[in-house]
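See below for the structure under consideration.
2 protein chains.
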Amino acid sequence: MLEDKNPELTPISAYGEFGLIKHLTENFSFSNPSTEVSIGDDAAVIDPGNQKVVVTTDVLAEGVHFNLGYVPLKHLGYKAVVVNISDLAAMNSVPTQILVSLAISNRFPVEALDEIYDGIKLACERYKVDLVGGDTTSSTSGLVMSVTAVGLEQSENLVQRNGAKPGDLLVVTGDLGGAYLGLQILEREHSVFLANPNMQPEMEGYDYILERQLKPEARTDIKNTLKELDIKPTSMIDVSDGLSSEILHLSDQSKVGFRLYEGKIPMDPLTMTTADELNLNPVMCALNGGEDFELLFTISANDFDKIKNHPDFTVIGHAVEQEQGNYLVATGSNELIALNAQGWDAFLKR
Amino acid sequence: MLEDKNPELTPISAYGEFGLIKHLTENFSFSNPSTEVSIGDDAAVIDPGNQKVVVTTDVLAEGVHFNLGYVPLKHLGYKAVVVNISDLAAMNSVPTQILVSLAISNRFPVEALDEIYDGIKLACERYKVDLVGGDTTSSTSGLVMSVTAVGLEQSENLVQRNGAKPGDLLVVTGDLGGAYLGLQILEREHSVFLANPNMQPEMEGYDYILERQLKPEARTDIKNTLKELDIKPTSMIDVSDGLSSEILHLSDQSKVGFRLYEGKIPMDPLTMTTADELNLNPVMCALNGGEDFELLFTISANDFDKIKNHPDFTVIGHAVEQEQGNYLVATGSNELIALNAQGWDAFLKR
Numbered sequence: 126m127l128e129d130k131n132p133e134l135t136p137i138s139a140y141g142e143f144g145l146i147k148h149l150t151e152n153f154s155f156s157n158p159s160t161e162v163s164i165g166d167d168a169a170v171i172d173p174g175n176q177k178v179v180v181t182t183d184v185l186a187e188g189v190h191f192n193l194g195y196v197p198l199k200h201l202g203y204k205a206v207v208v209n210i211s212d213l214a215a216m217n218s219v220p221t222q223i224l225v226s227l228a229i230s231n232r233f234p235v236e237a238l239d240e241i242y243d244g245i246k247l248a249c250e251r252y253k254v255d256l257v258g259g260d261t262t263s264s265t266s267g268l269v270m271s272v273t274a275v276g277l278e279q280s281e282n283l284v285q286r287n288g289a290k291p292g293d294l295l296v297v298t299g300d301l302g303g304a305y306l307g308l309q310i311l312e313r314e315h316s317v318f319l320a321n322p323n324m325q326p327e328m329e330g331y332d333y334i335l336e337r338q339l340k341p342e343a344r345t346d347i348k349n350t351l352k353e354l355d356i357k358p359t360s361m362i363d364v365s366d367g368l369s370s371e372i373l374h375l376s377d378q379s380k381v382g383f384r385l386y387e388g389k390i391p392m393d394p395l396t397m398t399t400a401d402e403l404n405l406n407p408v409m410c411a412l413n414g415g416e417d418f419e420l421l422f423t424i425s426a427n428d429f430d431k432i433k434n435h436p437d438f439t440v441i442g443h444a445v446e447q448e449q450g451n452y453l454v455a456t457g458s459n460e461l462i463a464l465n466a467q468g469w470d471a472f473l474k475r
Numbered sequence: 126m127l128e129d130k131n132p133e134l135t136p137i138s139a140y141g142e143f144g145l146i147k148h149l150t151e152n153f154s155f156s157n158p159s160t161e162v163s164i165g166d167d168a169a170v171i172d173p174g175n176q177k178v179v180v181t182t183d184v185l186a187e188g189v190h191f192n193l194g195y196v197p198l199k200h201l202g203y204k205a206v207v208v209n210i211s212d213l214a215a216m217n218s219v220p221t222q223i224l225v226s227l228a229i230s231n232r233f234p235v236e237a238l239d240e241i242y243d244g245i246k247l248a249c250e251r252y253k254v255d256l257v258g259g260d261t262t263s264s265t266s267g268l269v270m271s272v273t274a275v276g277l278e279q280s281e282n283l284v285q286r287n288g289a290k291p292g293d294l295l296v297v298t299g300d301l302g303g304a305y306l307g308l309q310i311l312e313r314e315h316s317v318f319l320a321n322p323n324m325q326p327e328m329e330g331y332d333y334i335l336e337r338q339l340k341p342e343a344r345t346d347i348k349n350t351l352k353e354l355d356i357k358p359t360s361m362i363d364v365s366d367g368l369s370s371e372i373l374h375l376s377d378q379s380k381v382g383f384r385l386y387e388g389k390i391p392m393d394p395l396t397m398t399t400a401d402e403l404n405l406n407p408v409m410c411a412l413n414g415g416e417d418f419e420l421l422f423t424i425s426a427n428d429f430d431k432i433k434n435h436p437d438f439t440v441i442g443h444a445v446e447q448e449q450g451n452y453l454v455a456t457g458s459n460e461l462i463a464l465n466a467q468g469w470d471a472f473l474k475r
């Protein structure tokens, strides 16, 4: 599918830029009344009503963020949208529009682009966001996708990274480390395949962590859950680079330190057993792995009763004075281990 | 500067993603009260007041949109912002914020990124827009820049592509074809340099067209000029892909045809003489060259008296019924030549 060697496939040049955009986007429909003007003009027009506008952008590059050897194009399109939606969820805003920029080598046929846009469309439908613009160009090599997402929200509902106070509880949604271990399994099986193309990949039994890696979801549901519980987080961020790195961001912006309890970090049993199988420390996978796209936030200690035992949330630590620093409290020994930003870093990892 | 062979230069990995973003953006200041939250959170927050939000995105890819053999990085940063600002000007909106995504090979040192951001900063200052977000990642090869720009405007002032009526006059700002001929000179001198690195490039005397290519400006001034003249265009677009292609866009969206008078197309004398020198038809350069970033718009014929003889504007044609099609009217013969979208197309041009 990737290499354009099949004469049945359509070269991108058969369309030209504008015909191509029309072809790729003609089946998209709209969910939001705030979408006034979309693709087809110089720019999109959004009616924010009396709300604030929240804007974020993320770029995914072939060979850095994904390997087309084992990432299906449809999943790539889906994930490129989700990582941006997740940023909007981390501001407690409602995602409404996206713009998609694509630089793609001429070695890809139109059918490959169709798959990417199928994934984008699925994400638009799942998250009720409207594709309102973008730009598609050829590149001399590789595939780079840049998505910009727009959300709307009343000013008083927005949650930034800078409001945590000493004594606040540190809470995370879902479980962590799975996406990173899913990637390890994909890379292992891809290496086996490269060494011997006749070998069948052994993916069975890894469903949950593979899905965490290949088809992550943004926690847009949490906004409503928190509203029902009458909780407004004091600070919030999404877990894209690893728990450790995200805690340091909240620390930096809120001018507090954190204590994170090793034993409290929520992990799926499959994450634990796979880490064991691969001789990896599951806690390190949660701390530094990233791409779980769960939400990490702080709440006033007074709100503890509202949240305890809720299946979506785990209290994993608390904020302290800034001078006290950021530490993992080891289970058993209670030893303090400094948290550092070894998180997923696109410039270090090759 | 480009290849990181100099031990005095700083590898990007010396910073890490977050340190790098901090380093690149710490000297930027803000011009707009609508900028509420910028870099450092999950997303930017913009206060639109009671205005509509206009959003556009454009991607520039190395080897397709620019050749680092002759495009200085600072100019590249500047131009990447300008092309987006130009789209907002074409909606008659006021540019307020930008987000910048960069995928860049590790072969570039931090100092190369500094130059790109110097150009971005210059454009931010020139156009009074605030850098509020972005994402920077490594790429396996080449440089891809994607800029998203946000503008604000009262609903009643926005101008789309779809309002032209038969009988409306077709008007363009400035002059056309220069950016394309500037590119031809750059490519000619670059080829000479590649053939014989000791040859000095002959750039003298080409200043205007080189500047049109390397440091284009967006016509954000036109909004005020039109307001002073009490004219609201019925449709508008910016000239990024060539006059012919832009006329076809207005035609398509407004459901009208156009007559374009060959002899009326405004061209700088240097554009004419350079076309002559290179054995190119200057009219074809204006029709298909692109990147002039002038504004092309239609106005009611009743507004002709307000605009005639104004130094910023040239009436180059008029709208007709859609069935009458889109034609260039040749000077002298009055022959009708069909306009087609041979404009700059990133998927065809290699």
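As you go down the protein sequences, you meet chains A and B in turn.
Mapped onto the numbering used here, the consecutive letters of the first sequence carry residue numbers 126 to 475.
Mapped onto the numbering used here, the consecutive letters of the second sequence carry residue numbers 126 to 475.
Virtual Cβ for every residue (Gly too), placed ideally from N, Cα, C.
According to DSSP, residues forming a beta bridge with residue i
i         : result
HIS443(B) : LEU294(B), ARG384(B)
PRO136(B) : PRO234(B)
GLU187(B) : PHE191(B)
PRO220(A) : GLY276(A)
MET361(B) : PHE422(B)
SER226(B) : ASP260(B), SER271(B)
LYS177(A) : GLU278(A)
PHE438(B) : THR298(B)
THR182(B) : THR273(B)
ASP239(A) : Looking at the DSSP assignment, ASP239(A) forms no beta bridge with any residue, so it has no partner.
ASP166(A) : ILE164(A)
For residue j and residue i, believed in contact at Cβ under 8 Å, the rounded distance
i         : j         : result
LYS199(A) : ASP255(A) : About 20 Å; that fails the 8 Å criterion.
SER218(A) : LEU283(A) : 6 Å
LEU453(B) : GLU371(B) : The Cβ separation is near 13 Å, so there is no contact.
ARG344(A) : THR273(A) : Between THR273(A) and ARG344(A) the Cβ distance is about 20 Å, and since that is not below 8 Å, they are no contact.
GLN285(B) : ASP166(A) : 5 Å
ALA400(A) : PRO407(A) : 4 Å
Unbroken alpha helix (DSSP H) run spanning residue i, endpoints
i         : result
SER376(B) : 368-379
ASP261(A) : Note that residue 261(A) is Thr in the sequence shown, not Asp. THR261(A) -> not in any alpha helix (DSSP H); beta strand (DSSP E) instead, spanning 255-264.
ALA304(A) : 303-320
ALA411(B) : 407-413
ILE432(A) : 429-432
LYS147(A) : 142-150
TYR203(A) : 198-214
C-beta contact flag for residue i and residue j at 7 Å
i         : j         : result
LEU421(B) : VAL364(B) : yes
VAL482(B) : GLY259(B) : Since the displayed chain B opens at 126 and closes at 475, residue 482(B) lies outside it and no answer follows.
THR423(A) : SER360(A) : yes
PRO341(B) : PHE418(B) : yes
VAL180(B) : ALA169(B) : no
PRO173(B) : PRO158(A) : no
ALA304(B) : GLU416(B) : yes
VAL208(B) : ASP239(B) : no
PRO234(A) : LEU134(A) : yes
LEU301(B) : GLN338(B) : no
ILE229(A) : LEU268(A) : yes
LYS177(B) : SER280(B) : yes
TYR195(B) : LEU311(B) : yes
SER379(B) : ASN413(B) : no
GLY450(A) : ARG384(A) : no
TYR333(A) : LEU395(A) : yes
ILE362(B) : ALA215(B) : yes
SER316(B) : LYS253(B) : no
Span of the beta strand (DSSP E) around residue i
i         : result
ASN451(B) : 451-454
GLU482(B) : Outside the shown range of chain B (126 to 475) lies residue 482(B), about which nothing can therefore be said.
ILE462(A) : 461-463
ALA489(B) : Coverage of chain B is limited to positions 126 through 475, which leaves residue 489(B) absent and any answer about it impossible.
Proximity test, residue i beta-carbon vs the ligand MG heavy atom, cut-off 6 Å
i         : result
GLU161(B) : Ligands in the displayed structure: none, and consequently the ligand MG is not present.
The region 139-173 of chain A: positions lying closer than 8 Å to chain B by Cβ = Look at the region 139-173 of chain A: the residues with a C-beta under 8 Å from a C-beta of chain B are TYR140, GLY141, GLU142, PHE143, LEU145, GLU161, VAL162, GLY165, ASP166, ASP167, ALA168, ALA169, VAL170, ILE171, ASP172, PRO173.
task = Please list the residues of the region 254-266 of chain B that have a C-beta atom closer than 9 Å to any C-beta atom in chain A, keeping them in chain order.
result = Legend: CB atoms of the region 254-266 of chain B lying less than 9 Å from CB atoms of chain A belong to residues VAL257, GLY258, GLY259, ASP260, THR261, THR262, SER263, SER264, THR265, SER266.
ask   = Listed in chain order, which residues of the region 176-192 of chain B have Cβ atoms closer than 9 Å to some Cβ of chain A?
value = GLN176, LYS177, VAL178, VAL179, VAL180, THR181, THR182, ASP183, VAL184, LEU185, ALA186, GLU187, GLY188, VAL189, HIS190
query = Using Cβ-Cβ distances below 9 Å, what residues of the region 208-228 of chain A are close to chain B?
reply = Cβ contacts with chain B: ASN209, SER211, ASP212, LEU213, ALA214, ALA215, MET216, SER218, GLN222, LEU224, VAL225, SER226, LEU227, ALA228.
ask   = Just by C-beta distance, which residues in the region 334-345 of chain A are closer than 8 Å to chain B?
value = Residues of the region 334-345 of chain A with a C-beta less than 8 Å from any C-beta of chain B: none at all.
query = Using Cβ-Cβ distances below 8 Å, what residues of the region 229-246 of chain A are close to chain E?
reply = Looking at the structure shown, chain E is missing, and the protein chains on hand are A and B.
Residues from the region 424-447 of chain B in contact with chain A, defined by Cβ distance under 7 Å = none
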